[in-house]
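Participant:
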Amino acid sequence: TVGAVCVDCYGNVVAGVSSGGILIKQPGRVGQAAMYGAGCWADKKNDDCIAISTTGSGESLTKTLLAYSLALKLQKSHSIITDLDEVFNDCFMNSRFVNDVTGRFAGVLGVKSTPLEKNDTTDTEFEIFVTFSSDSMSIGYQTTADEEASAEILR
Amino acid sequence: SRGFIAIHCGAGYHSKKKSENYNALARKACRAAIEALRSGKSAREAVVLAITCLEDDTITNAGNGSNLTFAGDVECDASIMCGRTLNFGAIGAVSHVKNPIKLAHELLVYQEEVESNLMGRIPPNMLCGKGAKKFAKERNLEVVGSQELISDDMFRQHCKYTKAYTKELKKFQENSLPPSKKQRVDSENIFKTNDSNQDKSILHD
Numbered sequence: 448t449v450g451a452v453c454v455d456c457y458g459n460v461v462a463g464v465s466s467g468g469i470l471i472k473q474p475g476r477v478g479q480a481a482m483y484g485a486g487c488w489a490d491k492k493n494d495d496c497i498a499i500s501t502t503g504s505g506e507s508l509t510k511t512l513l514a515y516s517l518a519l520k521l522q523k524s525h526s527i528i529t530d531l532d533e534v535f536n537d538c539f540m541n542s543r544f545v546n547d548v549t550g551r552f553a554g555v556l557g558v559k560s561t562p563l564e565k566n567d568t569t570d571t572e573f574e575i576f577v578t579f580s581s582d583s584m585s586i587g588y589q590t591t592a593d594e595e596a597s598a599e600i601l602r
Numbered sequence: 099s100r101g102f103i104a105i106h107c108g109a110g111y112h113s114k115k116k117s118e119n120y121n122a123l124a125r126k127a128c129r130a131a132i133e134a135l136r137s138g139k140s141a142r143e144a145v146v147l148a149i150t151c152l153e154d155d156t157i158t159n160a161g162n163g164s165n166l167t168f169a170g171d172v173e174c175d176a177s178i179m180c181g182r183t184l185n186f187g188a189i190g191a192v193s194h195v196k197n198p199i200k201l202a203h204e205l206l207v208y209q210e211e212v213e214s215n216l217m218g219r220i221p222p223n224m225l226c227g228k229g230a231k232k233f234a235k236e237r238n239l240e241v242v243g244s245q246e247l248i249s250d251d252m253f254r255q256h257c258k259y260t261k262a263y264t265k266e267l268k269k270f271q272e273n274s275l276p277p278s279k280k281q282r283v284d285s286e287n288i289f290k291t292n293d294s295n296q297d298k299s300i301l302h303d
């Protein structure tokens with residue numbers, strides 16, 4: 448599975464995901480990359496924006512509506528760094544809807560606008576966040592101000 | 099800045115040997131998106147460009163080089179969501195479409211066309227299977243032959259795992275099937291005959 452989250456110069460956020468599914472899957476099986484609320488989520492309410500793209504064990508991501516569940520909780524968060532792991536465990540690792548058969552592997556890539564100071568309308572800041580429960584996750588990121596893109600495999 | 103992009107090439111197991119391949123592809127996808135953003139294109143276009151780049155490389159499990167189904171086909175899923183319009187476009191279990199993310203994006207475009215000229219139709223959020231492939235042709239997206247999205251790597255993996263899986267399945271069924279059906283399970287026949295009844299008997303979870 449591959450995915451992307453993006454913010455453009457108009458402040459719009461978009462998330463996308465694409466996947467070939469699990470190896471030797473049953474013909475006709477549809478995974479999280481095609482499911483509303485599971486593979487990707489994007490929501491811009493005034494200046495409060497979030498976009499998430501997920502990957503991992505499709506059936507578990509689908510049953511937990513992972514992208515939507517994370518966005519719902521993280522949109523209320525004032526600090527992604529402190530809240531991300533707890534929210535990820537709540538929505539996925541400790542979810543009743545996930546079991547060892549459907550698998551507990553997931554990877555999350557997201558972007559969220561950080562709350563503005565009151566009356567500060569000069570600019571909106573964004574945070575990129577990643578979390579995953581598998582061995583590794585491959586990511587890349589770049590802003591229009593960067594000369595080069597950054598890429599790494601998180602382990 | 100005029101925006102930014104972040105992409106992922108999956109979570110699971112990335113061998114150290116291929117790390118630099120993944121990183122080079124990730125940077126390439128980011129570059130494609132950033133050029134679009136610098137020229138004032140929208141986040142939607144940038145996401146489609148980035149994911150198209152990732153789909154075209156056989157190292158990723160999307161588009162070209164996807165995992166194969168038990169029957170040896172490529173069936174892809176993809177979706178895209180816009181935070182401003184909250185529109186969502188998705189395709190599921192689609193074969194023969196070179197870039198699934200472009201087809202998902204076409205659904206967003208179609209939704210906006212229908213909304214803007216109120217044709218009274220309800221645009222779908224999601225299309226699956228043959229209908230999705232037909233829609234791809236209608237929208238002039240690239241449709242390819244069934245073999246073109248199958249990479250050598252994936253073909254080898256498919257053979258390896260289906261052989262192992264079928265052996266396991268045969269053992270399981272011999273123990274659990276009533277005697278009258280035992281003789282029907284013959285793993286060699288699975289690949290030679292197209293008897294859909296027989297397919298049904300073994301393709302269960």
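So the sequences go chain by chain: A and B. Just so we're aligned, residue 448 is where the first sequence starts under the numbering used here, counting upward by one. Just so we're aligned, residue 99 is where the second sequence starts under the numbering used here, counting upward by one. The beta carbon of each residue, even a glycine, is placed where N, CA and C say it ideally should be. Remember, it's a predicted structure, so these values are computed and weren't measured experimentally.
1) Give the range of the beta strand (DSSP E) segment to which A/L556 is assigned.
2) Please report the Cβ distance between A/V461 and B/M179, rounded to the nearest whole angstrom; I am assuming they are in contact, meaning their Cβ atoms lie under 8 Å.
3) The beta strand (DSSP E) with A/V460 in it runs from where to where?
4) Output the boundary residues of the alpha helix (DSSP H) element that contains B/L201.
5) Mark B/Q245 as exposed unless 16 or more other C-beta atoms lie within 10 angstroms of its C-beta, in which case mark it buried.
6) When burial is assigned at 16 or more other CB atoms within 10 Å of the CB, is B/K200 buried or exposed?
7) For B/R282, collect the residues of the same chain with a Cβ closer than 6 Å to its Cβ; drop the 5 residues on either side in sequence, then sort them by chain order.
8) Just verifying my parser: in three-state terms, what is the DSSP assignment at A/T590?
9) Going by DSSP, what residues sit across from B/F102 in a beta bridge?
10) Would you report the Cα separation of A/T568 and A/L513, rounded to the nearest angstrom?
11) Indicate whether at least one CB of chain B lies closer than 8 Å to the CB of A/I546.
12) Under 8 Å between C-beta atoms, does B/H106 make it to chain A?
13) Output needed for B/N159: all residues of its chain with C-beta closer than 7 Å, excluding positions within five of it in sequence on either side, in chain order.
14) Using the Cβ count rule (16 or more neighbours within 10 Å means buried), how would you classify B/K298?
15) Measure the beta-carbon distance from B/C226 to B/P198 and round it to whole angstroms, keeping in mind my assumption that it falls under 8 Å.
16) Count the other CB atoms within 10 Å of the CB of B/F233; is the residue buried (16 or more) or exposed (fewer)?
17) Short of 7 Å in beta carbon distance, which residues of its chain neighbour B/V242, apart from the five on each side in sequence? Order them along the chain.
18) A/S581 and A/G554: beta carbons closer than 8 Å?
19) Could you check whether the region 461-481 of chain A touches the region 186-193 of chain B, counting it as contact only if at least three pairs of C-beta atoms, one from each stretch, sit closer than 8 Å?
20) So that I know if they touch, is there some Cβ in chain B lying closer than 8 Å to that of A/T568?
21) Measuring alpha carbon to alpha carbon, tell me which residue in B/E143, B/N215, B/Y208 is nearest B/R237.
22) Within this structure, are the beta carbons of B/I157 and A/A451 separated by less than 8 Å?
23) From B/N121 to A/N536, what distance separates their C-alpha atoms?
Facilitator: Concretely, from the data shown:
1) 553-561
2) 7 Å
3) 460-466
4) 198-215
5) exposed
6) buried
7) Bear in mind that a pLDDT of 48 at B/R282, under 50, signals an unreliable position, so the number given afterwards is only what the model happens to contain. Excluding residues within five positions, none has a Cβ falling inside 6 Å.
8) strand
9) A/V454, A/T590
10) At A/T568 the pLDDT is 48, less than 50, meaning the model places this residue with poor confidence; the figure from the coordinates comes in the next sentence. Going from the Cα of A/T568 to the Cα of A/L513 covers about 32 Å.
11) It should be noted that the sequence gives Asn, not Ile, for residue 546 of chain A. Not an interface residue.
12) yes
13) G108, N165
14) Any reading at B/K298 needs caution, since the residue's pLDDT is 36, under 50, leaving its predicted position unreliable; the model's value is listed next. By the 10 Å Cβ count, B/K298 comes out exposed.
15) Incorrect: roughly 12 Å between the Cβ atoms, too far for contact.
16) buried
17) H194, K196
18) yes
19) yes
20) Because A/T568 carries a pLDDT of 48, less than 50, the predicted location of this residue cannot be relied on, and no value is offered for it.
21) B/Y208
22) no
23) 28 Å
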